[in-house]
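Novice:
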Ligand SMILES: [Cu+2]
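Numbering (our numbering), first residue to last: 1151 to 1511.
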């Protein structure tokens, strides 16, 4: 049976045509936290609702075109929001809080502008590190499709396979309109999303043991952030790669381009998993729900240059670049998102009320 036939069958059940947007009260505190689940623990209707809602964002017209002239769709908006601030939100302590805020804005768009009724799923890559190709996340019907078409891999990642456009599933025909970050790459918009699977770091960085080590060995937010995000050292790539970087390079293709990796729907599942591990670290001590520290300027890295980075330390008042509280023109501050159950409550040290009300299962 073809994918479209199967999805058409569940379309009515998940309310594709008739669902009113799921609006959530913006006021109040977090009395009943929503639950974000691992992809394989979601039911068929939840999966179908998610996949079709993502496709809805890929079709809806851009709202940020004046800011991002290449953007044609809402999906392009989210690629652009990330691309525009990539040097400012990677290899810096705000990495975890910025991406948490970004996921919140994305999840809100899925629920309010499309017809998504549940919560962002995550991909626990540990469950697939030794049998990647069999992952339910990569299913070609109730998943995100598998590797890129086989063109001998990505030459920048020796040992990778695939390398071409997503070869199966609903996103095989996805087209995005945001150019690659590499200025020497000709603009071929609209273009497909590529993948180039690379397994060499899976055993080292994606296992439950690696996650537990990262959590146990990080006493401060600054240490934990650097360990989970990871650092790039071309002389010894595996040394400090970290779960976040390893997950990106394991999928490869668009996912290995730090600027436009958000074009692959797997970005959001991988980053929800990164956010889950951040949440797990916070669960260890209640003070960690509002702990931030570290210098705002980026760690030395061979990938990105933030011209004239600010001096000073990362604080709860620091604004998450480019991200507004959904439905407003108010910039999201770090202290609004460090606590996943902090909705409607000010941090102990004072400041704007929290936005979030969720946990992971
Ligand atoms: Cu990112």
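Glycine included, each C-beta is placed from N, C-alpha and C at the ideal position.
Residue 1380 and residue 1395 - do their beta-carbons sit closer together than 9 angstroms?
Specialist: Contact flag set, yes.
Novice: Which term fits residue 1435, buried or exposed, when burial requires 16 or more other beta carbons within 10 angstroms of its beta carbon?
Specialist: Answer is exposed; the Cβ neighbour count stays below 16.
Novice: Are there three or more Cβ pairs, one per stretch, closer than 8 angstroms when the segment 1455-1470 is compared with the segment 1427-1446?
Specialist: Yes, they touch.
Novice: Return helix, strand or coil for residue 1227, following the three-state DSSP convention.
Specialist: Residue 1227 falls in the helix class under three-state DSSP.
Novice: If you follow the alpha helix (DSSP H) that residue 1208 is in, where does it begin and where does it stop?
Specialist: Note, residue 1208: alpha helix (DSSP H), 1194-1209.
Novice: Can you tell me whether residue 1367 is buried or exposed? The criterion is at least 16 other CB atoms within 10 Å of its CB, across all chains shown.
Specialist: Classification of residue 1367: exposed, given that the 10 Å Cβ count is below 16.
Novice: Just the C-alpha distance for residue 1217 and residue 1209, rounded to the nearest angstrom, thanks.
Specialist: The straight-line gap from Cα to Cα measures roughly 19 angstroms.
Novice: Got a sec: does ligand 1 put a non-hydrogen atom nearer than 8 angstroms to the Cβ of residue 1247?
Specialist: It does not: the Cβ of residue 1247 is nowhere closer than 8 angstroms to a heavy atom of ligand 1.
Novice: To the nearest angstrom, how far is it from the Cα of residue 1246 to the Cα of residue 1457?
Specialist: Straight-line Cα distance between these residues: approximately 21 angstroms.
Novice: Does any heavy atom of ligand 1 sit closer than 8 angstroms to the C-beta of residue 1411?
Specialist: Yes, the Cβ of residue 1411 comes within 8 angstroms of a heavy atom of ligand 1.
Novice: For residue 1406, which residues in the same chain have their Cβ closer than 6 angstroms to its Cβ, ignoring the five residues on either side in sequence?
Specialist: If we look at residue 1406 and ignore the five residues flanking it on each side, its Cβ neighbours are 1398 and 1399.
Novice: Tell me whether the segment 1304-1320 and the segment 1266-1279 touch, counting them as touching only if at least three CB pairs, one residue from each stretch, are closer than 8 angstroms.
Specialist: Too few Cβ pairs lie closer than 8 angstroms, so no.
Novice: Do residue 1481 and residue 1258 count as a contact pair if the criterion is CB distance below 9 angstroms?
Specialist: Not a contact, by the Cβ cut-off of 9 angstroms.
Novice: Look up residue 1427 in the DSSP assignment and say whether it is helix, strand or coil.
Specialist: In the structure shown, residue 1427 sits in a helix (DSSP, three-state: H, G or I).
Novice: If you count every other CB in all the chains shown that lies within 10 Å of the CB of residue 1328, and 16 or more means buried, which is it?
Specialist: Answer is buried; the Cβ neighbour count reaches 16.
Novice: Just the Cα atoms here: how many angstroms apart are residue 1417 and residue 1409?
Specialist: Each residue's alpha carbon lies about 12 angstroms from the other.
Novice: Assign residue 1302 to one of two classes, buried (16 or more other C-beta atoms within 10 Å of its C-beta) or exposed (fewer than that).
Specialist: The residue in question, residue 1302, is exposed, as its Cβ has fewer than 16 Cβ neighbours within 10 Å.
Novice: Report all residues from its chain with a CB closer than 7 angstroms to the CB of residue 1357; omit the five preceding and five following residues, and keep chain order.
Specialist: Within the same chain, residue 1357 has close Cβ partners 1276 and 1279.
Novice: Beta-carbon within less than 8 angstroms of residue 1318's beta-carbon, same chain only, minus the 5 sequence neighbours each way: which residues are those?
Specialist: Once the five neighbours on either side are set aside, the close Cβ partners of residue 1318 are 1290, 1295 and 1296.
Novice: Going by the C-beta, is residue 1401 closer than 8 angstroms to any heavy atom of ligand 1?
Specialist: No, the Cβ of residue 1401 stays beyond 8 angstroms of every heavy atom of ligand 1.
Novice: If you follow the beta strand (DSSP E) that residue 1291 is part of, which residue opens it and which one closes it?
Specialist: Looking at the DSSP string, residue 1291 is not in any beta strand (DSSP E), and its letter there is neither H nor E.
Novice: Which first and last residues belong to the beta strand (DSSP E) in which residue 1434 is found?
Specialist: Premise fails: residue 1434 is in no beta strand (DSSP E) and is neither H nor E.
Novice: Using only the alpha-carbon positions, how far apart do residue 1227 and residue 1375 sit?
Specialist: Roughly 26 angstroms separates the two Cα atoms.
Novice: Can you tell me which residues form a DSSP beta bridge with residue 1349?
Specialist: In DSSP, residue 1349 forms no bridge with anything.
Novice: Leaving out five residues on either side along the sequence, give the residues of the same chain with a beta carbon under 8 angstroms from the beta carbon of residue 1207.
Specialist: For residue 1207, where only same-chain residues beyond five positions count, the Cβ hits under 8 angstroms are 1223, 1224, 1225, 1228, 1259, 1260, 1263 and 1264.
Novice: Can residue 1392 and residue 1343 be called in contact, C-beta distance under 9 angstroms?
Specialist: Cβ atoms of residue 1392 and residue 1343: not closer than 9 angstroms.
Novice: Give a single yes or no on whether residue 1470 has its beta carbon closer than 8 angstroms to a heavy atom of ligand 1.
Specialist: False, no ligand heavy atom lies under 8 angstroms from that Cβ.
Novice: Hey, could you find the ends of the beta strand (DSSP E) residue 1185 is sitting in?
Specialist: Start and end: 1184-1186.
Novice: At the level of alpha carbons, what is the spacing between residue 1315 and residue 1298?
Specialist: Straight-line Cα distance between these residues: approximately 5 angstroms.
Novice: Please find out if some non-hydrogen atom of ligand 1 comes closer than 8 angstroms to the beta-carbon of residue 1097.
Specialist: The chain is shown from 1151 up to 1511; residue 1097 falls before or after that span and cannot be answered.
Novice: Examine ligand 1 and report whether any of its heavy atoms sits within less than 8 angstroms of the Cβ of residue 1453.
Specialist: No - ligand 1 has no heavy atom lying nearer than 8 angstroms to the Cβ of residue 1453.
Novice: Quick check: is any heavy atom of ligand 1 less than 8 angstroms from the C-beta of residue 1254?
Specialist: The answer is no for residue 1254.
Novice: For residue 1364, count neighbouring Cβ atoms within 10 angstroms of its own Cβ and tell me buried if that reaches 16, exposed if not.
Specialist: With 16 or more other Cβ atoms within 10 Å, it is buried.
Novice: Give me whichever residues DSSP pairs with residue 1326 in a beta bridge.
Specialist: Paired residues: 1341.
Novice: Could you spell out where the beta strand (DSSP E) holding residue 1237 opens and where it closes?
Specialist: Premise fails: residue 1237 lies in the alpha helix (DSSP H), 1236-1239, not in any beta strand (DSSP E).
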